[in-house]
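Chemist:
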Ligand code: CTP
């Protein structure tokens, strides 16, 4: 299973809180896994990416809540999950049913935390399932990535730093470092996202033991 894309959190019928994730990395990983012969469940937030690989079953969701529900439903039927989605960490507490009108005073939206999907899957995963997370960091990158690996009970975490030029959101290239739960670390060069996806899938195959 692969999660990808951003999530959109509704403010009113015409507005949302989103992020700049394109979904490219997750689509590329899903295609690489499918090429290896896997049957892939691809849970995607709003993304312009497309795929017509016969081994990929795409499930479209919009909000963090929908992505959480789809992930919890499908994870038990999969050998593992790769969590590439840029899930909103907060969502409006009280989305409004009609369009909010322009006003002269400040407007405040109260946000409430969303569920951590990766950590939830980390709690329910069986010994046979593997779980891969991503970490997008701006400071203390390696230390933060390793903390996330432990906290979310992941088997492998892919770190991409926003400090590396050409890496991260909206770029066609990415530069990653992979850490495993057994303490191994591998650094990769700046590459097109399709090749980064291949490196990640190769690492999953190397590290999984089912
Ligand atoms: N993730 C998730 N559900 C969330 C938030 C994050 O599944 N609600 C997953 C992401 O897909 C990624 C990993 O958790 O694989 C780490 O995401 P990241 O945004 O780096 O970490 P956060 O846990 O949100 O921590 P912070 O933003 O505070 O660094």
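Numbering (my numbering), first residue to last: 14 to 223.
Every residue gets a Cβ at the ideal spot worked out from N, C-alpha and C, and that includes glycine.
By Cβ distance, which residues of its chain are closer than 6 angstroms to residue 138, with the 5 residues on each side in sequence left out?
Modeler: To locate residue 138, count along the chain shown from 1; it is residue 125. So the list reads 144, once near-sequence residues are dropped.
Chemist: Does the distance between the C-beta of residue 157 and the nearest non-hydrogen atom of the ligand CTP fall short of 8 angstroms?
Modeler: Counted from its first residue, the chain shown places residue 157 at position 144. For the ligand CTP, at least one heavy atom lies less than 8 angstroms from the Cβ of residue 157.
Chemist: DSSP state of residue 198, grouped into three classes?
Modeler: Stepping through the chain shown from its first residue, residue 198 is reached at position 185. Three-state DSSP puts residue 198 in a strand.
Chemist: Residue 94 lies in the beta strand (DSSP E); which residues open and close that run?
Modeler: In the chain shown, the residue the question calls residue 94 occupies position 81. It spans 93-96 - the beta strand (DSSP E) in which residue 94 sits, taken as one unbroken run.
Chemist: Given a threshold of 16 other Cβ atoms within 10 Å of its Cβ, counted over all protein chains shown, does residue 113 qualify as buried or as exposed?
Modeler: Position 100 of the chain shown, counting from 1, holds the residue named residue 113. By the 10 Å Cβ count, residue 113 comes out exposed.
Chemist: Whole-angstrom Cβ separation of residue 60 and residue 206, contact assumed at under 8 angstroms?
Modeler: Here residue 60 is taken as the residue at index 47 of the chain shown, counted from 1. Here residue 206 is taken as the residue at index 193 of the chain shown, counted from 1. The pair is not a contact, with the Cβ atoms about 13 angstroms apart (cut-off 8 angstroms).
Chemist: Mark residue 56 as exposed unless 16 or more other C-beta atoms lie within 10 angstroms of its C-beta, in which case mark it buried.
Modeler: Residue numbering aside, residue 56 sits at position 43 when the chain shown is read from its first letter. By the 10 Å Cβ count, residue 56 comes out buried.
Chemist: Classify residue 54: buried if its beta carbon has 16 or more other beta carbons within 10 angstroms, exposed otherwise.
Modeler: On the chain shown, residue 54 is found 41 positions in, with the first residue counted as 1. With 16 or more other Cβ atoms within 10 Å, it is buried.
Chemist: Nearest by alpha-carbon distance to residue 15: which of 184, 201 and 95 is it?
Modeler: Along the chain shown, one-based indexing puts residue 15 at 2. If we check each option's Cα against that of residue 15, 95 comes out closest.
Chemist: May I ask which residues mark the beginning and end of the alpha helix (DSSP H) holding residue 70?
Modeler: Taking the chain shown and counting its residues from 1, one reaches residue 70 at position 57. Careful: residue 70 lies outside any alpha helix (DSSP H), inside the beta strand (DSSP E) at 69-73.
Chemist: Just to confirm, does residue 136 get its C-beta within under 8 angstroms of one of the non-hydrogen atoms of the ligand CTP?
Modeler: Along the chain shown, read from residue 1 onward, the residue named residue 136 stands at position 123. No, the ligand CTP has no heavy atom inside 8 angstroms of this Cβ.
Chemist: What separation, rounded to the nearest whole angstrom, lies between the Cα atoms of residue 21 and residue 37?
Modeler: Along the chain shown, read from residue 1 onward, the residue named residue 21 stands at position 8. Along the chain shown, read from residue 1 onward, the residue named residue 37 stands at position 24. Straight-line Cα distance between these residues: approximately 17 angstroms.
Chemist: Please report the straight-line C-alpha distance between residue 23 and residue 172, rounded to a whole angstrom.
Modeler: Within the chain shown, residue 23 is the residue found at index 10, counting from 1. Within the chain shown, residue 172 is the residue found at index 159, counting from 1. Between residue 23 and residue 172, the C-alpha separation is close to 29 angstroms.
Chemist: On the CB-based measure, 16 or more other CB atoms within 10 Å of its CB, does residue 35 come out buried or exposed?
Modeler: Residue 35 sits at position 22 when you count from the first residue of the chain shown. When all chains shown are included, residue 35 counts as buried.
Chemist: Here's a check: name, in chain order, each residue in its chain whose Cβ is nearer than 8 angstroms to the Cβ of residue 244, leaving out the five neighbours to either side.
Modeler: Residue 244 falls outside the range modelled here, since the chain spans only 14 to 223, and no answer is possible.
Chemist: When burial is assigned at 16 or more other CB atoms within 10 Å of the CB, is residue 216 buried or exposed?
Modeler: Here the question's residue 216 lines up with position 203 in the chain shown. Buried, because 16 or more other Cβ atoms sit within 10 Å of the Cβ of residue 216.
Chemist: Is residue 193 closer than 9 angstroms to residue 212 when the C-beta atoms are compared?
Modeler: Here residue 212 corresponds to residue number 199 of the chain shown, with the count starting at 1. Here residue 193 corresponds to residue number 180 of the chain shown, with the count starting at 1. Taking 9 angstroms as the Cβ cut-off, residue 212 and residue 193 do not qualify as a contacting pair.
Chemist: Within 10 angstroms of its Cβ, does residue 196 collect 16 or more other Cβ (buried), or is it exposed?
Modeler: On the chain shown, position 183 is the one that residue 196 refers to. With fewer than 16 Cβ atoms within 10 Å of its Cβ, residue 196 is classed as exposed.
Chemist: Between the region 119-134 and the region 77-96, do at least 3 Cβ pairs fall closer than 8 angstroms?
Modeler: Yes, the region 119-134 touches the region 77-96.
Chemist: I need the straight-line Cα distance from residue 64 to residue 26, nearest angstrom please.
Modeler: Along the chain shown, one-based indexing puts residue 64 at 51. Along the chain shown, one-based indexing puts residue 26 at 13. Residue 64 and residue 26: Cα-Cα distance of roughly 29 angstroms.
Chemist: Below 9 angstroms between beta carbons: does that hold for residue 188 and residue 209?
Modeler: Walking along the chain shown from the start, residue 188 turns up at place 175. Walking along the chain shown from the start, residue 209 turns up at place 196. Yes. Within cutoff.
Chemist: Tell whether a beta-carbon distance below 9 angstroms holds between residue 156 and residue 170.
Modeler: In the chain shown, the residue the question calls residue 156 occupies position 143. In the chain shown, the residue the question calls residue 170 occupies position 157. Cβ atoms of residue 156 and residue 170: not closer than 9 angstroms.
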